[in-house]
Amino acid sequence: MDNQLQYIHDLFPNAQCELNYKSLFQLLIAVVLSAQTTDKSVNRVTAVLFAKYPDAPSLKNANLQDVEQILNSIGMYKIKSKNIIAIAKMVDEKFFNTIPSDPNLLSLLPGVGTKTINVVLAEGFKIPAFPVDTHINRIAKRLNYAHINDNVQVVEEKLKKVIAKEDWIQMHHSLIFFGRYFCKAKQPLCEQCKLSQQCHKAYK
Ligand code: SF4
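At position 148 of the sequence shown (counting the first as 1) the number is 140 in the working numbering, and the numbers step up by one without a gap.
Here it is as structure tokens:
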């Protein structure tokens, strides 16, 4: 790990997933709901959703309008409502009410893309993976790990080359916290940042 990444790690050495969940199924659903939505907003709706529908067998039989009502404060709630009910049905009926750790099986679930799969692998199964969210994407570009036009897959590959595999999970959390609380999209804390000399986006 280079000095920049070590600095970010040392600022947030204990960064961890901020989504609330009590099972792999709930983790999967929370991650699906978190697309383009803050973890805080997701936690607000999942507190209600999981109290009523804690697992795949209960959620697969949920009324769509009821789920939409619970989720209506988050972005894309209509499609997310439909997807999570369909996920619950598939998990219960095709995967025997278990969450697979095989990315190929996870990718069969509606609304589950690369980032969701990587979060479930890393957070749920502790299998080394490197999910790239909006914060990591932004930081990688500000600190020249990736080109401004790189898509998230390219950003992921570039970062995985400069971070040891055993550090992927923790470094992914540290980078997210750095982006969420320090190198924010708007008004990053550049005056306090030791990377401002190297960073071409620094507000100097
Ligand atoms: S100098 Fe500013 S923009 Fe650059 S990494 Fe630090 S906080 Fe982020």
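Backbone N, C-alpha and C define an ideal beta-carbon position, used for all residues, glycine too.
Please read all numbers here as calculations on a predicted model, not as lab measurements.
Outcome for ASN110 when other beta-carbon atoms lying within 10 angstroms are tallied against a minimum of 16: buried
Is SER188 near ligand 1, judged by its Cβ being under 7 Å from some heavy atom? yes
Can you find at least 3 beta carbon pairs, one from the stretch -6 to 7 and one from the stretch 35 to 51, that sit closer than 8 Å? no
Please check the pair ASP31 and LEU16, which I expect to be a contact at CB under 8 Å, by giving their CB distance rounded to whole angstroms. Wrong, their Cβ atoms sit about 18 Å apart, outside the cutoff.
Note the first and the last residue of the continuous alpha helix (DSSP H) segment covering MET82. 69 to 85
How big is the Cα-Cα spacing for ASN143 and LYS52? 34 Å
Examine ligand 1 and report whether any of its heavy atoms sits within less than 7 Å of the Cβ of ARG172. no
Looking at ILE66 and VAL34, is the spacing between their C-beta atoms short of 8 Å? yes
Given a cut-off of 8 Å, decide if VAL154 and VAL124 are closer than it, judged by their beta-carbon atoms. no
Under a three-way DSSP split, which group does TYR(-1) fall into? helix
Please tell me whether GLN190 and LEU135 are closer than 8 Å, where the distance is taken between their beta carbons. yes
Rounded distance between the beta-carbons of LEU20 and ILE79, thought under 8 Å: 7 Å
Figure out for me which residue from LYS74, ASP94 and HIS127 has the closest Cα to the Cα of PRO102. LYS74
Please work out which residues of its chain come closer than 7 Å, Cβ to Cβ, to LYS70, disregarding the five sequence neighbours upstream and downstream, and give them in chain order. GLU60
Closer than 7 Å to a non-hydrogen atom of ligand 1 - does that hold for the CB of PRO49? no
With a threshold of 7 Å (Cβ to nearest heavy atom), would PRO102 be considered close to ligand 1? no
To the nearest whole angstrom, what separates the beta carbons of SER93 and ILE119, a pair I think is in contact under 8 Å? 6 Å
From what residue to what residue does the alpha helix (DSSP H) around SER50 run? 48 to 52
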